[in-house]
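Asker: Following this message is one structure expressed as structure tokens.
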Amino acid sequence: MKKLKYRAENSPQAWLFLLPALIIIGIFNVLPLIKTFIMSMQKGTLNNLEFNGFRNFSVVLQDPKFHDAIGNTALFSFVVVPIGLIISMFIAITIFEKIKHKSLFETIFFIPYLTSVIAIGIVFRFLFNGEYGFINYLLGLINVGPINFLDDPSMSMTTLIIFGIWSGLAFNIIILLSGLRTVDENYYKVADMFGASKFEQFIKITLPQMIPTITFLLMVNFINAFKVYAQVFSIFNGKAGIANSATTGVFYIFNKFYVEYRYGQGMAAAVILFALILLFTLIQNYVLKRISK
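The letter at position 277 of the sequence shown is residue 277 when you use UniProt numbering, and the numbering goes up by one with no holes.
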């Protein structure tokens, strides 16, 4: 008699325990996603929607504001994520190797992650203020500035990028520290015996061992960066910068839906952004898998 292997998905008890979570996911995740696809092909008010085909997609794709929003989103993502990850790696390694009371510093660095983005944005508005901001005070010590971070359209994306890098450090550092703890210390002992420098140890030992952790952070950070909204809202006090110079994809969707009341176009923009995020995630996973082989 052939022995059957246990499979969790074939267990009625497993599905029973999963049922509450599946119901919540279905109501708050799956149904809104389906509704988004349906509304993207409709027009009119929420109480009187009519089928509109793919016209909403055509309007959105031809809208220069949408092009600017996607361009700003891409700029934010491809600058914030790699720079933030490099800085986080440097801080994590410094804490891991040179700091004695690691748990204390981990707590200090993790506190910003637990703090509301809106609250942090209010603080950063004071720091970036052109008249009495602390950042301009520091720049003044080296005879630079003052720089109008908040009210100059040409500086809007720079300000947002600085804020984005800072706000993502806490999560990255904690995850990287967890990854560093999984690296076997015997590798470093052998490397020391053969006279390998710290840089060589990082390139040959630490970095290859950290590939799964870095891959995870790249995926999560890029998805979050493409969905950036709260940072824009908080740092520019509910606006997308002067003359909408820092409009991102999600902010464009918000304006279409809640300000202009063009619900179909807003959902069409959401579907396009979803497709771009999905496409980029698949490409990123493919490239990272090729690199890690």
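For each residue, glycine too, the CB sits at the ideal point set by N, CA and C.
#1: What number of angstroms, rounded off, separates the C-alpha of R181 from the C-alpha of Q284?
#2: Three-state secondary structure (DSSP) at Q62?
#3: List, from N- to C-terminal side, the alpha helix (DSSP H) runs of 4 residues or more that fit wholly inside the stretch 126–204.
#4: Please report the Cβ distance between V60 and A268, rounded to the nearest whole angstrom; I am assuming they are in contact, meaning their Cβ atoms lie under 8 Å.
#5: Name the DSSP bridge partner or partners of G44?
#6: When the Cα of Y229 is compared with those of I205, S77, L104 and I111, which residue comes out closest?
#7: Specify the secondary structure class of S88 as computed by DSSP and reduced to three states.
#8: For the alpha helix (DSSP H) holding T213, just list the boundary residues, first then last.
#9: So, helix, strand or coil for T36, using DSSP?
#10: Between P153 and I253, what straight-line distance do the alpha-carbon atoms span, to the nearest angstrom?
#11: Please report the distance separating the alpha-carbon of residue 295 from that of L75.
#12: Can you tell me which of the three DSSP states E260 falls into?
#13: Distance, Cα to Cα, Y113 vs L218?
#14: Quick one: what's got a C-beta closer than 6 Å to I38's C-beta in the same chain, skipping five residues either side?
#15: Please list, in chain order, all residues of the same chain as N237 whose beta carbon is under 6 Å from its beta carbon, the five residues on each side excluded.
#16: Using the beta-carbon count (16 or more within 10 Å), is V287 buried or exposed?
#17: Can you name, in chain order, every residue of its own chain whose Cβ lies under 8 Å from the Cβ of M1, other than the five neighbours on each side?
#18: Taking all protein chains shown into account, decide if G157 is buried (16 or more other Cβ within 10 angstroms of its Cβ) or exposed.
#19: Could you compute how far the alpha carbon of L273 sits from the alpha carbon of L138?
#20: Looking only at its own chain, which residues have a Cβ that is under 6 Å from the Cβ of T215, when we skip the five neighbours before and after it?
#21: So, helix, strand or coil for G71, using DSSP?
#22: Are M41 and F54 close, meaning C-beta to C-beta below 8 Å?
#23: Can you give me the start and stop residues for the alpha helix (DSSP H) that Y252 sits inside?
#24: Would the beta-carbon of I223 fall within 8 Å of that of T281?
#25: My output table needs one value for I99: the three-state DSSP class, helix, strand or coil.
#26: Within 10 Å of its beta-carbon, does Y263 have 16 or more other beta-carbons around it, so buried, or fewer, so exposed?
#27: Judging by CA-CA distance, which residue of L276, I93 and T248 is the nearest neighbour of K65?
Answerer: According to the structure shown:
#1: One-based indexing of the sequence shown puts residue 181 at position 181. One-based indexing of the sequence shown puts residue 284 at position 284. Their backbone Cα atoms lie some 26 Å apart in a straight line.
#2: Position 62 of the sequence shown holds residue 62. Residue state, collapsed to three classes: coil.
#3: 134–141, 156–181, 185–193 and 198–201
#4: Taking the sequence shown and counting its residues from 1, one reaches residue 60 at position 60. Taking the sequence shown and counting its residues from 1, one reaches residue 268 at position 268. Approximately 5 Å separates the beta-carbon atoms of V60 and A268; this is inside 8 Å, confirming the contact.
#5: The sequence position of residue 44 within the sequence shown is 44, counting from 1. G44 pairs with L49.
#6: Position 229 of the sequence shown, counted from the start, is the residue given in the question as residue 229. The shortest Cα separation from Y229 among I205, S77, L104 and I111 belongs to S77.
#7: Taking the sequence shown and counting its residues from 1, one reaches residue 88 at position 88. Correct three-state label for S88: helix.
#8: Sequence index remark: in the sequence shown, residue 213 carries index 213 (1-based). The continuous alpha helix (DSSP H) containing T213 extends over residues I211 to F226.
#9: Position 36 of the sequence shown, counted from the start, is the residue given in the question as residue 36. In the three-state DSSP reduction, T36 falls in the helix class (H, G or I).
#10: One-based indexing of the sequence shown puts residue 153 at position 153. One-based indexing of the sequence shown puts residue 253 at position 253. Rounded to whole angstroms, the separation of the alpha carbons of I253 and P153 is 21 Å.
#11: A question about residue 295 goes unanswered here, because the residues of the chain that appear run from 1 up to 293.
#12: On the sequence shown, position 260 is the one that residue 260 refers to. Reduced to three states, the DSSP call for E260 is coil.
#13: Counted from its first residue, the sequence shown places residue 113 at position 113. Counted from its first residue, the sequence shown places residue 218 at position 218. So the two alpha carbons sit approximately 17 Å from each other.
#14: Your numbering for residue 38 matches position 38 in the sequence shown. So no residue of the chain qualifies.
#15: Counting from one through the sequence shown, the residue named residue 237 turns up at place 237. Counting only Cβ-Cβ distances below 6 Å, and skipping sequence neighbours, we find nothing.
#16: Mapped onto the sequence shown, residue 287 falls at position 287. Exposed is the call here.
#17: Position 1 of the sequence shown, counted from the start, is the residue given in the question as residue 1. At M1, the pLDDT of 46 sits below 50, so the modelled position is not reliable; the number obtained from the coordinates is stated separately. In its own chain, leaving out the 5 sequence neighbours on each side, no residue places its CB closer than 8 Å to the CB of M1.
#18: What you label residue 157 is simply residue 157 of the sequence shown in a count that begins at 1. What sits at residue 157 in the sequence shown is Met, not Gly. Buried is the call here.
#19: Position 273 of the sequence shown, counted from the start, is the residue given in the question as residue 273. Position 138 of the sequence shown, counted from the start, is the residue given in the question as residue 138. Their backbone Cα atoms lie some 39 Å apart in a straight line.
#20: To locate residue 215, count along the sequence shown from 1; it is residue 215. The answer, listed in chain order, is L288.
#21: Counting from 1 along the sequence shown, the entry for residue 71 is found at position 71. Helix at G71.
#22: Here residue 41 corresponds to residue number 41 of the sequence shown, with the count starting at 1. Here residue 54 corresponds to residue number 54 of the sequence shown, with the count starting at 1. Yes, these two residues count as a Cβ contact at 8 Å.
#23: Within the sequence shown, numbered from 1, the residue matching residue 252 stands at position 252. Note, Y252: alpha helix (DSSP H), G249 to F254.
#24: Position 223 of the sequence shown holds residue 223. Position 281 of the sequence shown holds residue 281. Contact flag set, yes.
#25: Taking the first residue of the sequence shown as position 1, residue 99 is located at position 99. Per DSSP, reduced to three states, the secondary structure at I99 is coil, with no helix or strand assignment.
#26: Within the sequence shown, numbered from 1, the residue matching residue 263 stands at position 263. Buried.
#27: On the sequence shown, position 65 is the one that residue 65 refers to. With distances taken between Cα atoms, K65 lies closest to T248.
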